[in-house]
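Every position in the sequence shown, counted from 1, becomes a number in this note's numbering once 831 is added. For glycine and all other residues, C-beta sits at the position ideal for the given N, C-alpha and C. A short write-up of the structure that comes next.
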Amino acid sequence: MLIQLSTITHLGLELEGDILKNELNERMNEGKNNDIEFTKDAIIKLKVDLQPVGYLVNGQISTQYKQPCGRCADQKDNKLNLNFVFSLIEGNPKDYEEGIVYYEGFSINIKNYLEELIILKLSPYLLPEIDKKLKCSLCKKVFNGKDLEKEKIDTQKPFADLKKMLH
Ligand SMILES: [Zn+2]
């Protein structure tokens, strides 16, 4: 997604664009054991305004993806909507600063930056809560006691075995 900075006036610039789901999936699959799959292209709407130094970019991204529930392995469809705001500042510093994208020249392609925003918003592992009736809050499936019992031992009493060893 290319922003032509030289054309921006005090009225600002509104832009719409997209990132293809295939490109997002390729990026996701660079990570090991990825099980998130984008099912829709990401739609991006943004506005660029002049600032005393550089430009301010405000926008929204919306897309959809599927991811298996970590409890029942059901594929779940999820919507992702996120707002972003960052400054465009001229230069090429070595240090990373949150909320600032540096550019050189008269235009900048922010596709990589937007892809990173999308990916950082996702959790690689989806583990929903289970309620008192042992029902998964996402899939509404009821779990049998065995699974829950195992989880109790694993997560709530991590030092139980250690205690035994000490006595
Ligand atoms: Zn579930």
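Beta-bridge pairing of residue i - partner residues as DSSP gives them
i           : result
residue 888 : 879, 917
residue 873 : 850
residue 924 : Residue 924 pairs with nothing; no bridge assigned.
residue 908 : 897
residue 941 : According to DSSP, residue 941 bridges with nothing at all.
For residue i, the three-state DSSP class (helix, strand or coil)
i            : result
residue 868  : strand
residue 847  : strand
residue 838  : helix
residue 965  : coil
residue 952  : coil
residue 833  : strand
residue 1010 : With the chain running from 832 to 998 in the structure shown, residue 1010 is simply not present.
Residue i versus the options, residue with shortest Cα-Cα distance
i           : options            : result
residue 885 : 857, 962, 839, 940 : 839
residue 907 : 873, 959, 973, 883 : 959
residue 889 : 862, 844, 962      : 844
residue 853 : 933, 966, 881, 870 : 870
residue 905 : 837, 835, 972      : 972
residue 974 : 949, 903, 909      : 903
residue 841 : 879, 914, 858, 933 : 879
residue 913 : 945, 832, 861, 865 : 945
residue 961 : 900, 941, 837, 868 : 900
residue 835 : 954, 966, 956, 941 : 941
residue 957 : 925, 861, 837, 898 : 898
residue 894 : 882, 881, 876      : 876
residue 939 : 921, 881, 968, 863 : 921
residue 935 : 969, 923, 948      : 923
heavy atom of ligand 1 below 7 Å from residue i C-beta
i           : result
residue 905 : yes
residue 969 : yes
residue 972 : yes
residue 858 : no
residue 883 : no
residue 959 : yes
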